[in-house]
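Data first, discussion second: the structure below is written as structure tokens.
Residue numbers (the working numbering), protein chains in the order written: chain A, 1 to 235; chain B, 1 to 447; chain C, 1 to 177.
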């Protein structure tokens, strides 16, 4: 199936080891993500899910092991290039807090384009379009503090997808939401990612959220342990 | 009470580094304030004429002494500004912690006592240190001192912690009243009354000082000190209003028009909370007014002194006074800039999770750094202009007042605002290393 | 699940014949197992026997002859009683998954492997159902019935996760008994 498609994985992590102080978070985790694939990483709290996502998104560098994106070693890129990549090739959604609290939804969504040097009116035009795709066009003038959790997450999704990234990293995107809001957010994410052919690395402890993915892996104590055997392709 | 003290100690011991900074800086602020207050108290306790071996006779006569006392008390303004900034460091965490205690069943007074103990002890440490210093000085002033001198020093040593504890209790009133609101981090509505309160306090201080000034000004320019202080007060009040209003105005104007992300973020922050800028920058502007005015006055005085008229006694007496004033203004400026640096650091520390998330999402550090500096630079610019004009006017008017001095045509006073502006930006820039540390992904884990 | 009462409910909207009832049932409850025509027929006969429904007549409509049924007054009473009656919460203290775990322990099998495989199967079903709920073409009835199933599967999954974490203790307890 998708994960062994001909061009090879879009993003892969090989034997990642990462220690936070004295606590080991990853102890040799390997994972690959195919183009356009939605992959759920599940596991108990403290199993290293977020750290794996941070390493693969180039937010932290692993102590050992490698992260390869599109044939390039992410763990060796300088910080400036990484941050450029996160801005253009990747989109990031966290549980909460990724929106700039002082900016309106419209400016928040337009921010990646402004950072890339797009003029404000053109950035706004596209931002409006993306807010609309997530059913959030009526939020344009609101600031994050005035939104509900679900509204804020839909705004964050619009911001993550506006640059047309190849991969969206979502770390517990529904963690702070009630089930209806979670369903709306996840439906919007899965649908838009499939339409745009964007791959999604979805970290969650919630099976309902993980069920939006094409495939699921589990982390146990910093190692990827279980993949659904039925999804492994026989050679 | 012992139980509360022990609890306060345990809480502080378990708290993070920002809170230690707050406690340490509160102690330093208390030390400075106590030192100034004790200096004033010691001088005030001296009656009649004495021959002090220092300061070229500036402290000998009661008249000049009250001038020095007034200067010491004026220096309290930047020190209080500094203490105010320090008290906000990590305050979000402290408030949440105390609110948590309330939710766990602590009575309002227990929470108040714990907060008061924490601040009071920090202040006590500072004031005791200042007290020891004062004791050494007073002991060497043998023959000039009285029982009042020691009483003054002791009163300051004991009064400072009480004052600190009272302020802590006052600041805590919202947490005590609605612990849930603090835990949930509901945004506080803007509180213009705090700005108004600051203004009223400023006026009271200024009125008191102008009284002292009139009393002291028996020399050549009798009415001048009172008038200077009044102009200063008006300029200061104008500065508060101007910084707030211009922060809101530039924020709104730029937020609507700019295409630069750094300017956009800074502008929206200013529009969101213009009074934060007013709080931080007012003392900077006051020091600028004083500094600019002083530069003009100094020039006039030196011209007058140089012309040889109207001068009794030795020239050193006057130049020492002028130089001491310069030193006092310099000290005030340094303290103010320290307060500004602490305030900027505080603004970074409270927003660390959001900032870390921005960086993780690919917002470059440079953009976040520029936004941080612009938050200081944008609202300070118009205020600085007014402060320069106000201070320059005082200088010119003083020159006009001085007999034989004539209109001074020097532009050097106008360099003062420019220099202070640059220094302020540098002070704000000291928070950049903290910002860079904040952008580490490990900060994403903090709530 | 009472097929009797569901058919009675569908019949309450007006006289219908057996084939029509089956079609409407499958439309209305898309996630349920489709009814066999034979089952519809026998259920209707039992309803008539119990006096809850009556034969209204037959029509042929040009094709084969079909019997029309309608609800009796007793049937309407029974229907409203049933609809208002609460379903007993948590009817089963044990379930098949739990039974299999215990049997695996007793027979020296690998309960952990079984739970992993079961978990994967649950997740596959959840992915299918999620595809239904997030399909923009699905109507609300379909979405809600899929959602119902999803919530139950999710509950099973949670139970499996906590059980997997406590297998050692459970094994000791089962073996000791």
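The C-beta atom is built at its ideal place from N, Cα and C for all residues, glycine as well.
- With contacts defined by Cβ atoms closer than 7 Å, residue 149 of chain B and residue 42 of chain B form a contacting pair.
- Scanning the segment 72 to 101 of chain C from its first residue to its last, the whole alpha helix (DSSP H) runs of 4-plus residues come out as 73 to 84.
- Nearest to residue 167 of chain C by C-alpha distance, out of C:144, C:106 and C:127, is C:106.
- Your pair residue 332 of chain B and residue 78 of chain B checks out as a contact, with CB atoms roughly 4 Å apart and the cut at 8 Å.
- Our two residues, residue 79 of chain A and residue 67 of chain A, have alpha carbons roughly 15 Å apart in a direct line.
- For residue 441 of chain B, at least one C-beta of chain A is nearer than 7 Å to its own C-beta.
- Counting only the Cα atoms, residue 158 of chain A lies some 6 Å from residue 109 of chain A.
- In this structure, the CA atom of residue 417 of chain B is about 38 Å from the CA atom of residue 105 of chain A.
- Residue contact with chain A for residue 139 of chain C: absent (no Cβ-Cβ distance below 7 Å to any residue of chain A).
- Judged by beta-carbon spacing, residue 242 of chain B lies beyond the 7 Å limit of residue 339 of chain B, meaning their Cβ atoms are not closer than that value.
- In the DSSP assignment, the residues bridged to residue 70 of chain C are C:54.
- If the five residues before and after residue 15 of chain A are omitted, its C-beta is found closer than 6 Å to the C-beta atoms of 28, 30 and 65, all from its own chain and listed in chain order.
- Leaving aside the five residues that flank residue 74 of chain A on each side, the residues in its chain whose CB is nearer than 6 Å to its CB run, in chain order, 58 and 67.
- Residues of chain B whose Cβ lies closer than 7 Å to the Cβ of residue 216 of chain A do not exist; the shortest such Cβ separation is about 24 Å.
- When the beta-carbon positions are compared, residue 123 of chain A and residue 114 of chain A come within less than 7 Å of each other.
- Listed along the chain, the chain C residues whose CB falls inside 8 Å of the CB of residue 193 of chain A amount to none; the nearest CB is some 11 Å away.
- In the structure shown, the three-state DSSP call for residue 205 of chain A is coil.
- Under the three-state reduction of DSSP output, residue 19 of chain C falls in the helix class.
- Per DSSP, reduced to three states, the secondary structure at residue 158 of chain B is helical.
- Residue range 11 to 20 is occupied by the beta strand (DSSP E) that includes residue 12 of chain A.
- Using a Cβ-Cβ cut-off of 7 Å, residue 83 of chain A is close to 362 and 364 of chain B, given in chain order.
- Assigned with DSSP and collapsed to three states, residue 89 of chain B falls in coil, not helix or strand.
- With a contact defined as Cβ atoms closer than 8 Å, residue 432 of chain B and residue 356 of chain B miss out at about 15 Å.
- Considering only A:32, A:24, A:207 and A:222, the residue with the shortest C-alpha distance to residue 120 of chain C is A:207.
- Listed in chain order, the positions of the segment 363 to 391 of chain B with a beta carbon within less than 7 Å of a beta carbon of chain A are 363, 364 and 367.
- The way I'd put it, the segment 5 to 12 of chain B doesn't touch the segment 209 to 224 of chain A; fewer than three beta-carbon pairs between them come closer than 8 Å.
- With respect to chain A, the C-beta atom of residue 245 of chain B has no partner C-beta closer than 7 Å.
- Taking 7 Å as the cut-off, the Cβ atoms of residue 153 of chain B and residue 145 of chain B do not count as close.
- When CB distances to chain B are screened at a threshold of 8 Å, the residues of the segment 55 to 69 of chain A falling below it are 57, 59 and 60, in chain order.
- Where residue 23 of chain A is concerned, the enclosing beta strand (DSSP E) starts and stops at 23 to 33.
- Beta-carbon to beta-carbon, residue 168 of chain B and residue 116 of chain B are separated by about 5 Å, close enough to satisfy the 8 Å threshold.
- A straight-line Cα-Cα distance of about 19 Å links residue 216 of chain A and residue 192 of chain A.
- Interface annotation, residue 208 of chain A: in contact with chain C, CB-CB separation under 7 Å.
- Per DSSP, reduced to three states, the secondary structure at residue 60 of chain A is coil, with no helix or strand assignment.
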